[in-house]
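Report on the following structure.
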Amino acid sequence: MLQQTRVEAVIPYYERFLARFPDVGTLASADLDDVLSLWAGLGYYSRARNLKRAAEQLVTRFAGRLPDGVEMLRELPGVGRYTAGAIASIAFDHPAPIVDGNVARVLARLVGLREPIESSAVKARLWEEAERLADGPAPGDLNQALMELGARICIPRTPRCDLCPVSRFCDARAVGDAASLPVRAPKRAPKIVYAVAALVLRGGKALAVQRPAKGLLGGLWELPGGEVGARERGAAVLARVLRERTGLGVASIARTGAFDYAFTHRALRTAVYRCEAASGRVRLDGWDRHRWVAPESFAELPLAAVSKRALAIACDSDG
DNA sequence: AATCCGGGGGC
DNA sequence: GCCCCAGGATT
0 MLQQTRVEAV IPYYERFLAR FPDVGTLASA DLDDVLSLWA GLGYYSRARN LKRAAEQLVT
60 RFAGRLPDGV EMLRELPGVG RYTAGAIASI AFDHPAPIVD GNVARVLARL VGLREPIESS
120 AVKARLWEEA ERLADGPAPG DLNQALMELG ARICIPRTPR CDLCPVSRFC DARAVGDAAS
180 LPVRAPKRAP KIVYAVAALV LRGGKALAVQ RPAKGLLGGL WELPGGEVGA RERGAAVLAR
240 VLRERTGLGV ASIARTGAFD YAFTHRALRT AVYRCEAASG RVRLDGWDRH RWVAPESFAE
300 LPLAAVSKRA LAIACDSDG
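Printed below as a string of C-alpha cells:
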C-alpha cells in the first residue's frame, strides 16, 4: 500500500484491510473482488492484485511465512528492490539497503548528487550509498530513520536543516543548494482525453461494467461509456459509444453534467448522461463483465475516484 | 531507458 | 494549482 503513496493516505485503508484479511492465508483464499473493493480509492490497483498473488505464493511455497532473504522476497509479485530490502532489514534485521523517494532525497543532498535523480548512474550511486549505510548493527532502524528523516526534516522544497541531526555532514548544506536538490527530469504534459459516461437504466436497474484486469483502473467497476474525439459531443455520440461498447440501444438521453479529472499523466474531461436502454442482450466490448444493479447500490461496487465522481453527477440531476 | 499505473496530503 | 509520495512491471 505504501508504494508511491503517503503514510497518511494509507492508514485508513490499512486498518480496514487488516481487519478483513488479518493473515496471509485469509488473503490468499479471498475473492479478488473483495480485495479490490477494499483497495478502491487507493490507486495503483495492480498492487492489490500482486499482493493477493504474493499471498497465494507464500501459502503454496513457504507455508504461509515470509522468506527472510532479499532474493526470494523479490520473486514475489509486487516486491521489488525497495520492498524486499524493507522487509529483509526491518522484519529480519538483515543489512539490506533501501532507497525510496525520501531516502533518495536525503542521500542526494547528503552526498551532493546534482544530476537528475532518474538517471541510472545516480540511482546506482544511491543504492551504493544506502548499502554502505545499512551495513551496520541495526539496519532496520537505520533504514527507517533515513525514511523518517526525509519525511519530517529533509523535506522537498523547504528542508529544515536547522533541525537536521546530520547537517554537518551534508554536502548540500555546505554548498547551500539543499532546497534545489534532488534535480528531477522535467515531466511531460498530461495528455487530454475526452470521454462520455452514462447511467444506463432499464427496469429501474443501472448497468455497471467491470474494466479488464490489466491497465488503467484494472478490475474496477464503472459507468459504461468511453473515449470520444475532442470535438465530439451530444447525445448522438453517447448513443453510438453505448451501442458499440455494450450492444444496447438507448433512448430518452439526458445530459446531467460534466467534470474534469486529473490522473498523474492524463487529463480527463467527461460528459455525463442518463438514459433508458432498449431491450436486447448486453454484448461488451472492452469490459470483462457487467451487472444490472439498483442505482443506490452502484456505489457499493469497487469504484475508482473518477467513477464515483461520474456516478454522483449522473444521479445528481432530477432529469 | 521509457512508459504506464491513482489519488491525495501539504504547501 | 503544483509537487511528490515508505515503487514495480512491462516494453
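Reading the first sequence from the start, the letters are residues 0 to 318 in numbering that gives the first Met the number 0.
Think of the CB as a built atom: it goes at the ideal place given N, C-alpha and C, for glycine as much as any other residue.
Note that this is a predicted model, so its numbers are computed, not measured.
- Fewer than three beta-carbon pairs drawn from the segment 36-43 and the segment 205-212 are found closer than 8 angstroms, and the two stretches are therefore not classed as touching.
- Three or more pairs of CB atoms, one per stretch, sit closer than 8 angstroms, so the segment 52-65 contacts the segment 18-32.
- Rounded to whole angstroms, Leu222 and Ala188 show a C-alpha spacing of 27 angstroms.
- Inclusion of Ala270 and Val195 in the CB contact set at 8 angstroms is warranted, their separation being smaller than that value.
- With a contact defined as Cβ atoms closer than 8 angstroms, Ile312 and Gly256 qualify at about 4 angstroms.
- Out of Ala235, Asp284 and Arg268, the CA that lies nearest to the CA of Ala253 is found in Ala235.
- Spanning the alpha carbons of Phe258 and Ser306 requires a straight line of approximately 11 angstroms.
- With distances taken between CA atoms, Lys186 lies nearest to Pro115 out of Pro115, His289, Thr25 and Val199.
- Contact between Ser88 and Asn142 holds, with the beta-carbon distance rounding to 5 angstroms and staying under 8 angstroms.
- Beta bridge pairing from DSSP links Thr269 with Ala194 and Phe258.
- Shown here, Trp126 sits in a helix according to DSSP, grouped into three states.
- Between Val23 and Gly77 a beta carbon distance of about 14 angstroms is seen, past the 8 angstroms cut, so the two are scored as non-contacting.
- Per DSSP, Ala205 lies in no alpha helix (DSSP H); the unbroken beta strand (DSSP E) holding it starts and ends at Lys204 to Gln209.
- Residue environment analysis places Val240 among the buried positions, since at least 16 neighbouring C-beta atoms fall within 10 angstroms of its C-beta.
- Burial state of Ser119 is exposed, judged by a 10 Å Cβ sphere holding fewer than 16 other Cβ atoms.
- A distance below 7 angstroms between beta-carbons, with the five flanking residues on each side excluded, links Lys204 to the following residues of its chain, in chain order: Trp291, Val292 and Ala293.
- In the three-state scheme derived from DSSP, where H, G and I count as helix and E and B as strand, Ser251 is classed as strand.
- Per DSSP, reduced to three states, the secondary structure at Ala188 is coil, with no helix or strand assignment.
- Looking from the CA of Thr263, the closest CA among Pro66, Tyr43 and Gly246 belongs to Tyr43.
- By the Cβ neighbour-count rule, Arg108 is buried, with 16 or more other Cβ atoms within 10 Å of its own.
- Going by DSSP, Val292 is part of no alpha helix (DSSP H) but of the beta strand (DSSP E) stretching over Arg288 to Val292.
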